[in-house]
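Colleague:
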Amino acid sequence: MSRMTITPGVYEHYKGKRYFVLGLSRNTETNEICVVYRPLYETDWPQLVHRNADMFFEHVDVNGRQLPRFRLIEAGI
Numbered sequence: 013m014s015r016m017t018i019t020p021g022v023y024e025h026y027k028g029k030r031y032f033v034l035g036l037s038r039n040t041e042t043n044e045i046c047v048v049y050r051p052l053y054e055t056d057w058p059q060l061v062h063r064n065a066d067m068f069f070e071h072v073d074v075n076g077r078q079l080p081r082f083r084l085i086e087a088g089i
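Okay, here's the thing in structure tokens:
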């Protein structure tokens with residue numbers, strides 16, 4: 013397994029909502045690496061969520077342009 017890192021801070025999803033990234037987690041059963049974050053907007057779902065790191069870091073096609081799914085807006089805790 014390769015070493016993966018992420019900068020904690022505020023990230024913006026390509027659709028515009030913002031999230032605070034806390035860091036990475038590892039599933040002890042599967043070794044899957046995930047990004048742990050919380051939404052910075054009102055929501056009725058759990059305050060902490062996670063997404064597969066490969067998906068978090070991937071680029072998506074938006075009107076023919078490749079954009080990062082999440083981009084760092086402000087580093088820091």
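If you number the sequence shown the way the numbering used here does, the last residue is 89 and the count never jumps.
Just so it is clear, CB atoms sit at the ideal spot from N, CA and C, and this is done for glycine as well.
(1) Starting from the N-terminal side, write out each stretch of the alpha helix (DSSP H) that is 4 residues or longer and does not extend beyond the region 42 to 79.
(2) Compare the Cα-Cα distances from residue 62 to each of 70, 29, 55, 48 and report the closest residue.
(3) At what residues does the beta strand (DSSP E) containing residue 38 begin and finish?
(4) Taking the C-alpha atoms as reference points, what is the distance between residue 28 and residue 84?
(5) Pick from 40, 50, 76: whose alpha carbon is nearest that of residue 58?
Modeller: Straight from the coordinates:
(1) 65 to 69
(2) 48
(3) Counted as a single uninterrupted DSSP element, the beta strand (DSSP E) harbouring residue 38 occupies residues 30 to 38.
(4) 12 Å
(5) 50
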